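For reference, the structure discussed in these notes is given below.
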Amino acid sequence: MSNDRGTMQRGPVPGIDQQGTWSEPTAPAGRRLPSAPRERKPALAALAVLLILGGALGAGFLVLQSGKRVAAIEISQQIGAGQQIPLSAMQEVQVASGTGLNYVPWNEASQVAQFYAGGAIPPGTLLTTAMVVRANEVTTGKEVLGLALKDGQWPSQLAAGDHVTIYAVSGTSGAGCPATGGSPLTTNAIVLYTSSAAAGTSASGVTTDVTVAINPADAGAVACNASAQNVVLALLPAGGQRGQARGAPPAGSGGAGSPQSTASSSPSTGTG
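Be aware that the sequence shown starts at 179, since it is given in this note's numbering, and climbs by one per residue.
The following block contains the structure:
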């Protein structure tokens, strides 16, 4: 009988160590790819740090600038074209600086009171130098009359800055005034001011104050007939002669009081 034991290999088996564990296979040396050395760029890193710091500083500067406020003049009541701007019609408001918004500083309010409105300025308007003139150019060469009118003698949409024709209602005013019924007493009169009742409908019998600038030659006839309630105001149609469009010019833009017509000693303009 053959002995199988004689055919068994004695000693350690290849691939197994003395503790009976398999050894880790090693990858062929040809399969390993050489790793490229990292290229360091200190200049780019420094530039990135500078950009981050610059952005942070710029954002902080904008936040600080947006928080700064300056005192400016705001018109608090209706100012008619050619009307002198009183101190009572001005109030102090705070505006943000660095926004490019034009304004007249509040500390020049007393100087502004010596000027006239180049066009009608509604309440709530931020005042700019383009809105004021040194001389009352609107009323130069004209006479200013105050008319007390009743409902029906003026258009309900009448506003400061409008140009109107004043007609005689009839030829018999009862006061001996020169008039021909339906004929114009004066043409192209400029409305300088209307009371608050003229902004809407008024009750019958309630008088409304309207201030107009007219040619001196027509002042007598208009005054006489107006006192006798023998006048009516007709608003000139669109495209007619108007020295200033209805309402004030937007903040920062010029109306009748353009920079060319403003005196050199006009209030200084701030830029917010």
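We put the CB at the ideal spot given by N, CA and C, even for glycine.
Quick caveat, the model's predicted, so the values are computed rather than measured.
For proline 362, the secondary structure class from DSSP, reduced to helix, strand or coil, is strand. In the three-state DSSP reduction, alanine 298 falls in the coil class, being neither helix nor strand. Here the C-alpha atom of leucine 265 lies approximately 20 Å from the C-alpha atom of threonine 389. Per the C-alpha coordinates, the member of Ala308, Ala346, Arg247 positioned closest to glycine 276 is Arg247. Excluding residues up to 5 positions away in sequence, Val410 lie with their Cβ nearer than 6 Å to the Cβ of glutamine 331 in the same chain. Distance between glycine 232 and isoleucine 257, taken at the CA atoms: about 48 Å. In the three-state scheme derived from DSSP, where H, G and I count as helix and E and B as strand, valine 347 is classed as coil. Alanine 338 and leucine 229 have their C-alpha atoms roughly 56 Å apart. Pairing threonine 350 with aspartate 396 gives a Cβ-Cβ distance that is not under 8 Å. Across the structure, glutamate 252 and alanine 274 are spaced so that their CA atoms are roughly 14 Å apart. Between the C-alpha atoms of leucine 414 and asparagine 366 there is a straight-line separation of about 8 Å.
CA-to-CA, the gap between glycine 319 and isoleucine 392 works out to about 9 Å. By the C-beta density criterion, alanine 221 is exposed, having fewer than 16 other C-beta atoms within 10 angstroms. The shortest CA-to-CA distance from alanine 357 to any of Gly398, Pro333, His341 is the one to Gly398. Distance from the CA atom of proline 301 to the CA atom of alanine 234, rounded to whole angstroms, is 41 Å. Of the residues assessed, threonine 449 falls on the exposed side of the cut-off, its CB having fewer than 16 other CB atoms within 10 angstroms.
Collapsing the DSSP output to three states places leucine 411 in a strand. CA-CA distance, alanine 298 to glycine 260, rounds to 8 Å. Ranked by Cα distance from serine 405, the first of Gln335, Ile368, Leu325, Asp340 is Leu325. In this structure, DSSP gives valine 316 a helical state, which the three-state scheme calls helix. Here DSSP, grouped into helix, strand and coil, assigns proline 283 to strand. Excluding residues up to 5 positions away in sequence, Thr386, Val388 lie with their Cβ nearer than 6 Å to the Cβ of leucine 327 in the same chain. DSSP places isoleucine 263 outside both helix and strand once states are collapsed to three, so it counts as coil.
Exclusion of the five residues before and after glutamine 255 leaves Ala267, Pro301 as the residues of its chain whose Cβ lies within less than 7 Å of its Cβ. In the DSSP assignment, valine 390 falls within the unbroken beta strand (DSSP E) covering 386–392.
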